[in-house]
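Note that the first sequence covers residues 6 to 431 in the numbering used here.
Inspection log for the structure reproduced underneath, given as structure tokens.
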Amino acid sequence: MNGEDKIPEKKEVHRESIFTPFTAKRNNLIKNRNVLQNTFIPIQLPHRDREIEQIAEIIAPSLQKFKPSNILITGRTGTGKTAVLSYIERELKKADPDEENCCYVYVNCEVVDAPTSILYNISNQIIKEHEKKIPFTGWSFDKVYETLVSYIDGEDKVFIVVLDEIDMAFQKKGDEIFYFLTTMNEILKKSQVSIIGITNNTKFTELLSTKIKSRLGEEKIIFTSYTPEQLKDILRERADTAFNPGILDEAVIPYCAAISAQDSGDARRALDLLRIAADIAERNGDTKITEAHVNYARSRIELDAVSEVIKTMPMQSKIVLMSIIRNRDNEDIKKNRMTTGEVYSMYSEICGVLGHQVLTQRRITNIISELDMLGIIHAIVKSYGRNGRTKEIELNITNDIVEMISRDEVFKPLLNYKPKKQTTLM
DNA sequence: CGTCCACTGGAATCAAGGGTCT
DNA sequence: AGACCCTTGATTCCAGTGGACG
């Protein structure tokens with residue numbers, strides 16, 4: 006993206022086997038790699054004491070077999086929600102090692118989002134006996150639910166069910182699943198179930214029906230974004246165990262913190278930045294990690310994220326994106342902003358060349374909006390008065406990525422193809 | 001002030017593919 | 001196996017609209 010952050014040339018290394026250069030250059034910059042992984046849960050979570058205490062206070066009764074309130078936790082990504090919960094889990098296990106009084110179940114709804122699979126997932130974490138486990142497919146929702154309920158009731162414990170990324174489950178099937186989970190207690194005679202929902206969608210509660218809302222959110226805890234100062238502390242703590250002393254340039258940690266605080270206050274992002282910067286430095290055989298490495302890491306993260314999105318896009322969206330790129334680079338048109346109509350005619354042309362089905366303009370409008378939401382393009386509705394009302398579309402990706410798309414082999418036939426001259430339009 | 005363009009975006013509907021139920 | 005969802009992507013239809021122009 007920017008030319009000034011070039012990493013120094015790789016140093017020549019005496020070759021013995023093909024691995025020698027890598028092992029030789031893997032100088033001990035990184036002492037402990039695990040610590041920088043975002044799945045790592047540190048012993049202490051800096052700046053989350055208050056939240057931990059709050060949650061601990063709420064769920065403490067479970068250790069005496071009393072049902073704690075349901076909790077709804079909101080906060081943006083990378084504010085330590087999942088980390089805090091894992092921490093809580095660990096502490097809970099310490100207090101009740103044999104799960105005599107309470108049992109902790111964690112489900113990530115981003116991975117398992119269908120209502121049945123959520124129940125299935127919960128059940129199989131709870132049900133220990135192998136022969137009683139619920140088969141992966143084949144059972145109806147009701148049957149799974151009934152089995153789960155009867156099993157839970159046979160246990161005489163408090164079950165704490167943590168639903169991470171709870172909004173993902175909501176999108177699929179409304180709040181039905183939450184209804185079943187929260188009403189479970191009315192059927193249960195011995196055991197109790199309490200739910201901890203985690204979401205990074207602050208508007209999530211508005212989507213729920215009032216009934217569910219009050220049940221699920223008996224207690225609400227909001228995780229605020231980290232400030233740059235707090236991010237610095239977090240990074241510093243990890244860096245202390247991750248790196249040998251003196252390896253990190255003074256400015257690196259404040260710089261990482263500043264970058265990620267600026268666009269989210271996301272600790273995960275900050276850690277990624279640091280880890281990748283370290284990786285790059287290490288691979289390059291450098292002895293110190295500097296701001297330049299961080300800059301490099303930053304652009305690589307960005308590139309990876311966007312190209313990943315584009316790679317997994319459906320074909321039609323790719324063609325639409327290609328049309329926008331072509332329109333922008335076309336000698337005859339040559340403008341950064343274009344209308345839906347212009348995109349559509351280019352699109353139909355490209356479809357013709359590639360032998361793809363041409364979709365309606367209505368659908369293309371939708372695809373354009375989708376691309377807009379992904380942040381790949383900028384589209385705002387604008388009125389040209391007498392000349393109609395349309396979306397004004399602008400590309401919003403770097404040339405590296407444009408390059409990458411253009412090289413995609415599905416667009417091969419376009420390489421030698423010159424678009425027709427546009428006859429109409431201003 | 002009304003007209004009228006070139007679309008937007010909601011709603012209903014369909015078709016295909018996948019999983020589920022019996 | 002065959003009937004029956006449910007989801008997703010697409011189509012059809014259409015009412016609605018910001019603002020330059022006359």
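C-beta atoms are modelled at their ideal positions from N, C-alpha and C, and glycine is treated no differently.
Quiz item: If you pair each beta-carbon of the stretch 79–98 with each one of the stretch 46–57, do three or more pairs fall below 8 Å?
Solution: Three or more Cβ pairs closer than 8 Å define a contact, and the stretch 79–98 meets that threshold against the stretch 46–57.
Exercise. Using alpha carbons as the reference points, say which of 81, 248 and 164 lies closest to residue 112.
Key: For this step, residue 112 is matched to residue 107 along the first sequence. For residue 112, the nearest C-alpha among the options comes from 164.
Exercise. Using the Cα positions of residue 285 and residue 302, report the straight-line distance between them to the nearest angstrom.
Key: The count along the first sequence starts at 1 and reaches residue 285 at position 280. The count along the first sequence starts at 1 and reaches residue 302 at position 297. Taking the straight line from one Cα to the other gives about 7 Å.
Quiz item: When the distance is taken between beta carbons, is residue 327 closer than 9 Å to residue 410?
Solution: Counting from 1 along the first sequence, the entry for residue 410 is found at position 405. Counting from 1 along the first sequence, the entry for residue 327 is found at position 322. Closer than 9 Å, so yes.
Quiz item: Among all the DSSP beta bridges, which residues are the ones paired with residue 107?
Solution: Your numbering for residue 107 matches position 102 in the first sequence. In DSSP, residue 107 forms a bridge with 163.
Self-check item: Inter-residue Cα distance where the pair is residue 391 and residue 397
Solution: To locate residue 391, count along the first sequence from 1; it is residue 386. To locate residue 397, count along the first sequence from 1; it is residue 392. If I take the Cα positions, the gap works out to 16 Å.
Exercise. Would you give the residue range spanned by the alpha helix (DSSP H) that residue 409 belongs to?
Key: Looking up residue 409 in the first sequence gives position 404. 404–412 is the span of the alpha helix (DSSP H), which, as asked, contains residue 409.
Practice problem: Round the Cβ separation of residue 376 and residue 311 to the nearest angstrom and send it over; I've been treating them as touching at under 8 Å. | Solution: Position 371 of the first sequence, counted from the start, is the residue given in the question as residue 376. Position 306 of the first sequence, counted from the start, is the residue given in the question as residue 311. No, residue 376 and residue 311 are not in contact; Cβ-Cβ is about 12 Å, not under 8 Å.
Quiz prompt | Start and end residues, beta strand (DSSP E) containing residue 80 | solution = The residue labelled residue 80 in the question sits at position 75 within the first sequence. Here the beta strand (DSSP E) through residue 80 covers 76–80.
Quiz prompt | Collapsed DSSP secondary structure at residue 298 in the structure displayed | solution = In the first sequence, the residue the question calls residue 298 occupies position 293. Of the three classes helix, strand and coil, the one that applies to residue 298 here is helix, per DSSP.
Quiz prompt | alpha helix (DSSP H) runs wholly inside the stretch 203–258, at least 4 long, in chain order | solution = Within the stretch 203–258, the complete alpha helix (DSSP H) runs of at least 4 residues are 209–212, 215–221 and 233–247.
Self-check item: Where the alpha helix (DSSP H) through residue 359 begins and ends
Solution: For the purposes of this step, residue 359 is taken as residue 354 along the first sequence, with counting starting at 1. It spans 345–359 - the alpha helix (DSSP H) in which residue 359 sits, taken as one unbroken run.
Self-check item: CA-to-CA distance, residue 316 to residue 2, given in whole angstroms
Solution: Residue 2 is absent from the model: the chain starts at 6 and stops at 431.
Exercise. Pull up the distance between the alpha-carbon of residue 335 and that of residue 400, whole angstroms please.
Key: Here residue 335 is taken as the residue at index 330 of the first sequence, counted from 1. Here residue 400 is taken as the residue at index 395 of the first sequence, counted from 1. The alpha-carbon atoms of residue 335 and residue 400 are separated by roughly 14 Å.
Quiz item: Do the CB positions of residue 45 and residue 243 come within less than 9 Å of each other?
Solution: As a working mapping, residue 45 is identified with position 40 in the first sequence. As a working mapping, residue 243 is identified with position 238 in the first sequence. A contact, by the Cβ cut-off of 9 Å.
Self-check item: Residues near residue 193 in its chain [Cβ-Cβ closer than 6 Å; skip 5 each side]
Solution: Walking along the first sequence from the start, residue 193 turns up at place 188. Same-chain partners within the cutoff: 158.
Quiz prompt | 8 Å contact criterion, which residue 161 and residue 216 should meet: CB distance rounded | solution = For this step, residue 161 is matched to residue 156 along the first sequence. For this step, residue 216 is matched to residue 211 along the first sequence. At roughly 28 Å, the Cβ-Cβ gap does not stay under 8 Å, so residue 161 and residue 216 are not in contact.
Quiz prompt | Straight-line Cα distance separating residue 347 from residue 420 | solution = Along the first sequence, one-based indexing puts residue 420 at 415. Along the first sequence, one-based indexing puts residue 347 at 342. Cα to Cα, the separation comes out at about 20 Å.
Practice problem: State buried or exposed for residue 234, treating a residue as buried only when at least 16 other CB atoms are found within 10 Å of its CB. | Solution: As a position in the first sequence, residue 234 is number 229, starting the count at 1. Exposed: under 16 other Cβ atoms inside 10 Å.
Quiz item: For residue 113, which beta-bridge partners are listed by DSSP?
Solution: Indexing the first sequence from 1 puts residue 113 at position 108. The partner list for residue 113 (beta bridge, DSSP) reads 169.
Self-check item: Nearest neighbour of residue 223, chosen from 254, 63, 394 and 76 [CA to CA]
Solution: Counting from 1 along the first sequence, the entry for residue 223 is found at position 218. The shortest C-alpha separation from residue 223 is found at 76.
Self-check item: Sheet register partners of residue 387 (DSSP bridge)
Solution: The residue given as residue 387 occupies position 382 in the first sequence. 395.
Quiz item: Per DSSP, residue 342 forms a beta bridge with which residues?
Solution: Reading the first sequence from its first residue, position 337 is the one you call residue 342. Per DSSP, 399.
Quiz item: Over what stretch of residues does the alpha helix (DSSP H) that includes residue 422 continue unbroken?
Solution: Here residue 422 refers to the residue found at position 417 of the first sequence. Segment: none, residue 422 is in no alpha helix (DSSP H) and carries neither H nor E.
Quiz item: Rounded to the nearest angstrom, how far is the Cβ of residue 57 from that of residue 23, given a contact under 8 Å?
Solution: For the purposes of this step, residue 57 is identified with residue 52 of the first sequence, where counting begins at 1. For the purposes of this step, residue 23 is identified with residue 18 of the first sequence, where counting begins at 1. About 48 Å; that fails the 8 Å criterion.
Practice problem: Report the partner residues of residue 200 according to the DSSP bridge assignment. | Solution: Taking the first sequence and counting its residues from 1, one reaches residue 200 at position 195. Answer is 166.
Self-check item: Pairwise C-alpha distance: residue 275 and residue 439
Solution: The requested residue 439 is not part of the displayed model; the chain covers only 6 to 431.
Quiz prompt | Rounded separation between residue 314 and residue 308 - CA only | solution = To locate residue 314, count along the first sequence from 1; it is residue 309. To locate residue 308, count along the first sequence from 1; it is residue 303. Computed Cα separation, rounded: 10 Å.
Quiz item: Exposed or buried, which one is residue 202 when buried takes at least 16 other CB atoms within 10 Å?
Solution: Within the first sequence, numbered from 1, the residue matching residue 202 stands at position 197. It counts as buried.
Exercise. Leaving aside the five residues before and after residue 156 along the sequence, list all residues of the same chain whose C-beta is less than 8 Å from its C-beta, in chain order.
Key: Counted from its first residue, the first sequence places residue 156 at position 151. Same-chain partners within the cutoff: 128, 131, 132 and 137.
Quiz item: With which residues is residue 35 paired in a DSSP beta bridge?
Solution: As a working mapping, residue 35 is identified with position 30 in the first sequence. Residue 35 pairs with 248.
Exercise. Give a yes or no on whether the C-beta atoms belonging to residue 295 and residue 254 are separated by under 9 Å.
Key: Counting from 1 along the first sequence, the entry for residue 295 is found at position 290. Counting from 1 along the first sequence, the entry for residue 254 is found at position 249. Here residue 295 is near residue 254, since their CB atoms are less than 9 Å apart.
Self-check item: Beta-carbon proximity check, residue 269 vs residue 230, cutoff 9 Å
Solution: The residue given as residue 269 occupies position 264 in the first sequence. The residue given as residue 230 occupies position 225 in the first sequence. Closer than 9 Å, so yes.
Quiz item: Residues in its own chain within less than 8 Å of residue 69 by CB, not counting five upstream and five downstream?
Solution: Numbered from 1 along the first sequence, position 64 holds the residue referred to as residue 69. Result list for residue 69: 106, in chain order.
Quiz item: Nearest-angstrom Cα distance between residue 184 and residue 101?
Solution: On the first sequence, position 179 is the one that residue 184 refers to. On the first sequence, position 96 is the one that residue 101 refers to. Near 29 Å, if we compare the C-alpha coordinates of residue 101 and residue 184.
Exercise. Could you round the C-beta distance between residue 249 and residue 81 to whole angstroms and report it? I think they count as a contact, below 8 Å.
Key: Here residue 249 refers to the residue found at position 244 when the first sequence is read from its first residue. Here residue 81 refers to the residue found at position 76 when the first sequence is read from its first residue. With a beta-carbon spacing of about 33 Å, residue 249 and residue 81 fall beyond the 8 Å limit used to define contacts.
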